[in-house]
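Asker: Residue numbers are given in this note's numbering: position 193 of the sequence shown equals residue 824, and the series is strictly consecutive. Think of the CB as a built atom: it goes at the ideal place given N, C-alpha and C, for glycine as much as any other residue. From a predicted model like this one, the values you see are computed outputs, not experimental measurements. Let me begin by handing over the structure; questions about it come next.
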Amino acid sequence: MIFISLEGIDGSGKTTIAKIVKDKLVQKGFDVLLTREPGGEPISEKIRELVLDPENSEMTAWTEALLYIASRKQHLDQVIIPALKKGTIVISDRFMDSTTVYQGFARKLGITDVDEIQNIVIGPAIPDITLFFDISPEEAKVRLDLRNSGSDRLEAEADEFHEKVYQGYRMLISENSNRIKVIDARKAVDVISRQAIYLIEELLEERKASQ
Ligand code: TYD
């Protein structure tokens, strides 16, 4: 079945939309798994706690990158691949592009080096479609301040870091315009979720036609 990833900067609202999209696809009769990264599986959730803990301020950028990738491998092998094999639609709230952009670009480890490791680890399990929820870092910051739920280690980074993350995503989108579809995340929740469903159904139709 199809593999969908959701990407966006912190505060883009992708997690809210993910739940709505999942419910709508289930209502339409699809078997859907909504999962998230880092996490989505017990060992990966433990890695999530480690990597996002604000206490771990001394974590180096490569340790951070490798932990995200380790968490992804576990999640992929234990959850995503088995679900896809059963014919389930898998929606992952974040996947490999987050590591490319946050660690490869914003943390300056180098996209080429980070993706070389990701390619080895992920292999062919690349999302069929990636929905990017587009909002500027300034607008996202307003939303995060309103949410006021305390920051994790990455959210607590300076504005410049989030600006870099956004630039990284824009670059990735321009190089992968077939896979990554941009959705205006400033619109109303129902407009955004309708657009996401439209893009997913379009892909499902294409798949059906080519079978
Ligand atoms: P996420 O759970 O999406 O945060 P939120 O629910 O608050 O939007 O992701 C947690 C943080 O981890 C987020 O700041 C992005 C970061 N992250 C990376 O830096 N690299 C990665 O590979 C992933 C998956 C997430």
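Measuring from the CB of Lys704, is there a heavy atom of the ligand TYD at a distance below 8 Å?
Answerer: no
Asker: Taking just the CA atoms, how far does Ala701 sit from Leu707?
Answerer: 10 Å
Asker: Using the DSSP secondary-structure output, state which residues sit across from Thr666 in a beta bridge.
Answerer: Residue pairing by DSSP places Thr666 opposite Ser723 in a beta bridge.
Asker: Report yes if the CB atom of Ser824 is closer than 9 Å to the CB atom of Val657, and no otherwise.
Answerer: Result no, Cβ atoms of Ser824 and Val657 do not sit closer than 9 Å.
Asker: When you compare the CB positions of Arg667 and Thr694, do they come within less than 9 Å of one another, or not?
Answerer: no
Asker: Since I believe Ala649 is in contact with Leu637 (beta carbons under 8 Å), could you give me their beta-carbon distance rounded to a whole number of angstroms?
Answerer: 6 Å
Asker: Bridge partners of Thr761, per DSSP?
Answerer: Ser636, Ile811
Asker: Quick one: residues in its chain with C-beta nearer than 7 Å to the C-beta of Ala737, no 5 flanking neighbours on either side, listed in chain order?
Answerer: Taken in chain order, the residues that qualify are Phe792, Lys795, Val796, Gly799.
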